[in-house]
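So for the sequence shown, this note's numbering puts the first residue at 2; every next one is plus one. Ideal Cβ positions, reconstructed from N, Cα and C, are used throughout, including at glycine. Heads up, the thing below is written out as structure tokens.
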Amino acid sequence: MILSIIIGCITCMLLILAVIFKPTIKINKLKLDTFWIVAIAGAIITLLTGALPLDFLANNLETTSSINPLKIMVLLLSLTMLSITLDELGFFEHVASLAIKKVGGSKYKLFFTFYVLTAILTIFTSNDIVILTFTLFICYFSKNAKISPIPYLVMEFVTANTYSMLFIIGNPTNIYIASFFNISFLDYFKSMWLATILAGIVSLSILLLIFRKDLSKKMELSEVEIVNVKHKTLSLIAIIHLIACTTLLAISNYINLQMWIVTLMFALSLSIVLIVYTVIFKDIKPITHVYKRLPYTLCFFVLSMYIIVLSLDCHGISSYIANYIDSLSSSKIITALIYGSSSTITDNLINNIPMSLGFASILNQATINKEVAIFASIIGSNIGAYVTPIGALAGIMWMRILKEENVEFGFKDFIKYCSIVAIPTLAAALIGLLIII
2 MILSIIIGCI TCMLLILAVI FKPTIKINKL KLDTFWIVAI AGAIITLLTG ALPLDFLANN
62 LETTSSINPL KIMVLLLSLT MLSITLDELG FFEHVASLAI KKVGGSKYKL FFTFYVLTAI
122 LTIFTSNDIV ILTFTLFICY FSKNAKISPI PYLVMEFVTA NTYSMLFIIG NPTNIYIASF
182 FNISFLDYFK SMWLATILAG IVSLSILLLI FRKDLSKKME LSEVEIVNVK HKTLSLIAII
242 HLIACTTLLA ISNYINLQMW IVTLMFALSL SIVLIVYTVI FKDIKPITHV YKRLPYTLCF
302 FVLSMYIIVL SLDCHGISSY IANYIDSLSS SKIITALIYG SSSTITDNLI NNIPMSLGFA
362 SILNQATINK EVAIFASIIG SNIGAYVTPI GALAGIMWMR ILKEENVEFG FKDFIKYCSI
422 VAIPTLAAAL IGLLIII
């Protein structure tokens, strides 16, 4: 037990230090993120020292239930593949450029336009995809319009990590925790819709208050260039795949079909379409660019942290924590506060993905107000992303993009703007959850 705790603590500490001081390393021309390398090292040490017996790991990886981490990785990669295909074909930029053309010289209109686009696209794709896509677009647009990108960038990041709560597919942490407890697409939505709406209203209100002076100024907006969609037929097919996949996910529980199978079917189908396109038109860019952008390192990271968390679970540490929290949970309100706040804090100590892995094990041992505890933890895993950049991989990637685009927005700026929004938004979301459950 002691060995598992030591390895877990050291791995988490090194992970935080790597994210803050050395997020990437360069080997010749190869640039690597350090977060997953640290996690792999921790997992290897866990296995080599016997902190996690190999047969215990094998039994968990061989399980046929939906909580199998390998199935969850398939679900994540398949969903990401559908979204990245649309991004590569220029669909998101096309929609954004059409919308921005309507704003005129009003910064408020521009702000709300970005807000609506970010919210809608996050709901139907994921927070990571929207952040990686829209951040560059906002930076590019702001430079050309000669305006500060900060209000729009902060709004984009906060909004993406707020509306990612609405559907299971909005965030990898949703996918993991909901799949772990076999929560269906519709049951998840029924529990989270009000929490998401209240969180969206509160976060938007605070953002408007923070940036009111900047947004009240007019801007000189030159002619907006409409970004055309590449390969219109392919784009239409990709949109149909995404809509059909989301629809089938919504009813998957009623037709006894696991979500990872649904997403895999559509990812394979779209892959076949891209292969056929490549053969006919001799153009390999669409399929190669899509598969190069898939988050393979995220899979290594999740599986490695899963091994470390599983070693803690193996020695009963998760059960001890669950029993302690149960002893404090005298009501649903207390349970929501404990799990909502602790998951948010833990996000920013070890990142939201390992937090979700650890909390899933703890929640599995919990006996009091379990449903409230599960969804409060999911809320914390999303909103915790905008307390510090360490809170989510999306935050780490977002900060790196801003640095590459020469946008002056450091760690202190992140705390100054984003963390102010987090606490009241968390409170609003938990109130919405308690009203429903």
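Test item: CB-CB of residue i and residue j under 8 Å
| i | j | result |
| --- | --- | --- |
| A430 | I354 | no |
| F135 | T119 | yes |
| A377 | D348 | no |
| I124 | L167 | yes |
| V303 | M74 | yes |
| S98 | I227 | yes |
| I132 | W399 | yes |
| N175 | I169 | yes |
| G341 | L403 | no |
| A200 | Y189 | no |
| I437 | L250 | no |
| M82 | F115 | no |
| E89 | H290 | yes |
Those residues which DSSP pairs with residue i across a bridge
| i | result |
| --- | --- |
| D34 | T25 |
| S272 | The partner list for S272 (beta bridge, DSSP) is empty, contrary to what the question assumes. |
| K219 | S107 |
Simplified DSSP state of residue i, which is helix, strand or coil
| i | result |
| --- | --- |
| S107 | strand |
| M2 | coil |
| F125 | helix |
| T389 | coil |
| M400 | helix |
| G317 | coil |
| R213 | helix |
| L90 | coil |
| L295 | coil |
| S378 | helix |
| A196 | helix |
| P355 | helix |
| D440 | Residue 440 lies beyond the residue range present for the chain, which begins at 2 and ends at 438; the question has no answer from this structure. |
| A100 | helix |
| F186 | helix |
| A1 | No information on residue 1 is available, as it lies outside the stretch 2 to 438 that the chain covers here. |
| H95 | helix |
| P70 | helix |
| F158 | helix |
Nearest-angstrom Cα separation, counted from residue j out to residue i
| i | j | result |
| --- | --- | --- |
| A146 | M220 | 7 Å |
| S312 | Y297 | 23 Å |
| L209 | V159 | 12 Å |
| L235 | L269 | 15 Å |
| L271 | L77 | 15 Å |
| L62 | D56 | 10 Å |
| G171 | I351 | 20 Å |
| N365 | I308 | 17 Å |
| L49 | I416 | 39 Å |
| I211 | D414 | 13 Å |
| L435 | I318 | 28 Å |
| A100 | L15 | 43 Å |
| L265 | V310 | 27 Å |
| A423 | A374 | 19 Å |
| A323 | G9 | 18 Å |
| C140 | L205 | 21 Å |
| S149 | G43 | 41 Å |
| S253 | N69 | 18 Å |
| L18 | F36 | 9 Å |
| N128 | I335 | 29 Å |
| Q259 | L299 | 22 Å |
| D34 | P24 | 6 Å |
| I28 | I288 | 27 Å |
| I384 | V280 | 44 Å |
| I38 | F22 | 15 Å |
| F360 | K283 | 48 Å |
Interface flag, residue i vs chain D, CB-CB below 8 Å
| i | result |
| --- | --- |
| K110 | Any reference to chain D falls outside this structure, which holds one protein chain only. |
Cβ separation of residue i and residue j, assumed to be a contact under 8 Å, to the nearest whole Å
| i | j | result |
| --- | --- | --- |
| G91 | K293 | About 17 Å separates the two Cβ atoms, so there is no contact after all. |
| L216 | Y325 | Not confirmed; about 46 Å, so no contact. |
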